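Note that the protein sequences, when read in sequence, are chains H and Z. Read in order, the letters of the first sequence correspond to residues 51 to 159 in the numbering used here. Read in order, the letters of the second sequence correspond to residues 2 to 115 in the numbering used here.
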Amino acid sequence: ILNVEQSPQSLHVQEGDSTNFTCSFPSSNFYALHWYRWETAKSPEALFVMTLNGDEKKKGRISATLNTKEGYSYLYIKGSQPEDSATYLCAFVRNQFYFGTGTSLTVIP
Amino acid sequence: DAGVTQSPTHLIKTRGQHVTLRCSPISGHKSVSWYQQVLGQGPQFIFQYYEKEERGRGNFPDRFSARQFPNYSSELNVNALLLGDSALYLCASSAAGGSTDTQYFGPGTRLTVL
């Protein structure tokens, strides 16, 4: 069984705070890591596809880094806004997509 | 452009029945994947199809089957429903189904088995 872990499980932050969460995955046979944002009652939305050790991706106030040698990726949100409230999922890709259980972010106005 | 569409939105079935879920991918996408998401867990991979051929299968019993049609739409079939099959079933499409291809998800079908 391939384990993808995300921490923390949930997070409450004040509007304007910056935050980050972690996705841990096996460090061997790495192909790709995907990040998704999943808002309530909507479809999961792709954020980043990361493939190379040391990759850094950015989309507005959200950025992600990748360390394939130690098996983790960080997702950062700078200056959180209420519209950032969602569950953030990572998926480790080998022969299939293996999703973590997600980090639920609530941004309090 | 239309995104990934799934039907029906919600479904209630009883144990032992059969169910068919449908998915239409984004135009031009040739790969469709199916996932089961149970509350509190991440989506679990069920099947991937590419060009009408099964490319991958997750750890699900033979009661689960799928197919992809010439227009790249897909059906997921579940036979002999169990209470534990109650879940959100997500469909995702991508251009070629590769590990670095972005997957685009549909809104899901919520299946309740009574």
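Heads up, the beta-carbon is just placed ideally off N, CA and C, and yes, glycines get one too. The structure displayed is predicted, hence computed values, not measured ones.
Checking the DSSP bridge columns, you'll see Z:Leu-12 partnered with Z:Leu-112.
Contacts with chain Z at 8 Å (Cβ-Cβ) do not include H:Thr-90.
Counting the other Cβ atoms within 10 Å of the Cβ of Z:Asp-63 gives fewer than 16, which makes it exposed. Sequence-distant partners of Z:Phe-48 (beyond 5 residues in either direction) whose C-beta falls short of 6 Å from its own C-beta, in its chain, are Trp-35, Arg-58 and Ala-67. Not flagged as an interface residue toward chain Z: H:Phe-75, since no C-beta distance is shorter than 8 Å.
When DSSP states are grouped into helix, strand and coil, H:Glu-95 belongs to the strand group. Interface annotation, H:Ala-82: in contact with chain Z, CB-CB separation under 8 Å. Taking a Cβ-Cβ cut-off of 8 Å, H:Thr-115 has no neighbours in chain Z, whose nearest Cβ is about 17 Å from it.
Against chain Z, a Cβ distance below 9 Å from H:Thr-101 picks out Ser-100 and Thr-101. For H:Gly-152, the closest of Z:Gln-45, Z:Leu-22, Z:His-19 and Z:Phe-65 by C-alpha to C-alpha distance is Z:Gln-45.
The three-state reading of DSSP puts Z:Leu-84 in helix, counting H, G and I together. Annotated as distal: H:Thr-69 and H:Ser-135, with beta-carbon spacing of 8 Å or more. Assignment of Z:Glu-52 by DSSP, reduced to helix, strand and coil, places it in the coil class.
Apart from the 5 residues on each side of it in sequence, H:Phe-147 sits with its Cβ closer than 6 Å to the Cβ of Ala-141 in its chain, given in chain order. Against chain Z, the CB of H:Leu-52 has no partner CB under 8 Å away; the residue lies outside that interface.
For the pair H:Gly-110 and H:Asn-79, the Cα-to-Cα distance works out to about 31 Å. Burial is judged here by how many other beta carbons sit within 10 angstroms of a residue's own beta carbon; Z:Thr-10 has fewer than 16 and is exposed.
Classified as buried, Z:Val-79 has 16 or more neighbouring CB atoms from the shown chains inside 10 Å of its CB.
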